[in-house]
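Encoded as structure tokens, the structure appears first; notes follow it.
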Amino acid sequence: QLQLQESGPGLVKSSETLSLTCTVSGGSISSSSYYWGWIRQPPGKGLEWIGSIYYSGSTYYNPSLKSRVTISVDTSKNQFSLKLSSVTAADTAVYYCARLRDFEWHFAYWGQGTLVTVSS
Amino acid sequence: QSALTQPASVSGSPGQSITIPCTGTSRDVGGYNHVSWYQQHPGKAPKLMIYEVSNRPSGVSNRFSGSKSGNTASLTISGLQAEDEADYYCSSYTSSGTLVFGGGTTLTVL
């Protein structure tokens, strides 16, 4: 059974860079037909797609976050990562990693999510 | 990109049917069949309920169904049960090669 697990600091200072890693188990991150994505959810609010990456390194980003987001992949560790720079309180959210089906654009497998709080 | 439009809340009694609309544009919902629906219970990760407009993943009850007409996709839940009470989100691929979610709908089972 495929499993995804987010890890990283739960508290980040304003103006600094948020860094999270998603570890994939029970399957290979190098599988064809799948992208790997990050989604976030501010407390009490809806879901927002951040971006997605293929194992080759090809990426797609949300235009509203593109200038601050970098998603990378490490196939040797079966992991992919998120970096969000210049964070503010508005970036406080639960961050999820998930597997995206190519050509169909749906997330069938999700991590449990990790809360990241931006402090001033 | 703008979020897809969903009603903030819907409600229904056990056994009834409800429909949640998700309205976009010809650049997303209306232009592609890559529309999905997710169920989210409090404190939990979202769960995929419908993909490609009307397909159900293995293990999802056939009480859940999806459809699309023009720029509006819909999720219908028949035979409402208490366990269906949750937040529901639609998503769609866009002509920009990105993904957009709806604002979410809270379903209350009366």
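Quick mapping for you: the protein sequence lines, in order, are chains A and B. Residues 5 to 124 (my numbering) make up the first sequence, in order. Residues 1132 to 1241 (my numbering) make up the second sequence, in order. Note that the Cβ used here is the ideal one computed from N, Cα and C, for glycine as well.
Within chain A, partners of residue i - CB distance below 7 Å
i: Pro1188(B); result: Ala112
i: Phe1232(B); result: Gly50, Leu51, Glu52 and Trp53
i: His1165(B); result: Glu108 and Trp109
i: Tyr1224(B); result: Trp109
Minimum Cβ-Cβ distance from residue i to chain B less than 9 Å
i: Arg105(A); result: yes
i: Ser89(A); result: no
i: Ser71(A); result: no
Same chain only: Cβ atoms within 7 Å of residue i, ignoring 5 sequence neighbours per side
i: Pro1145(B); result: Leu1211, Gln1212, Ala1213 and Val1240
i: Tyr1165(B); result: It is His, not Tyr, that sits at residue 1165(B) in the sequence shown. Result list for His1165(B): Glu1183, Ser1223 and Tyr1224, in chain order.
Span separating the alpha-carbon of residue i from that of residue j
i: Ala1217(B); j: Val1141(B); result: 10 Å
i: Ser124(A); j: Gly41(A); result: 28 Å
i: Leu69(A); j: Asp1215(B); result: 33 Å
i: Gln9(A); j: Tyr1220(B); result: 22 Å
i: Trp53(A); j: Gln1147(B); result: 32 Å
i: Lys1199(B); j: Gly1174(B); result: 29 Å
i: Asp106(A); j: Ile75(A); result: 17 Å
i: Ser71(A); j: Ala93(A); result: 17 Å
Where residue i meets chain B, residues with beta-carbon distance less than 7 Å
i: Gly14(A); result: Correct list: empty, because the minimum Cβ distance to chain B is about 16 Å.
i: Tyr64(A); result: Gly1228 and Thr1229
Distance CB(residue i)-CB(residue j) smaller than 9 Å
i: Val120(A); j: Leu24(A); result: yes
i: Ser1209(B); j: Arg1194(B); result: yes
i: Gly1233(B); j: Thr1150(B); result: no
i: Thr27(A); j: Asn82(A); result: yes
i: Gly1162(B); j: Thr1154(B); result: no
Residue i: contacting residues in chain A (beta-carbon distance under 9 Å)
i: Gly1235(B); result: Lys49, Gly50 and Leu51
i: Glu1214(B); result: Chain A residues near Glu1214(B): none, gap ~19 Å exceeds 9 Å.
Within chain B, the residues that residue i reaches when beta carbons sit closer than 9 Å
i: Gln116(A); result: Lys1175 and Ala1176
i: Pro67(A); result: Gln1132, Ser1227 and Thr1229
Min CB distance residue i to chain A below 9 Å
i: Leu1238(B); result: no
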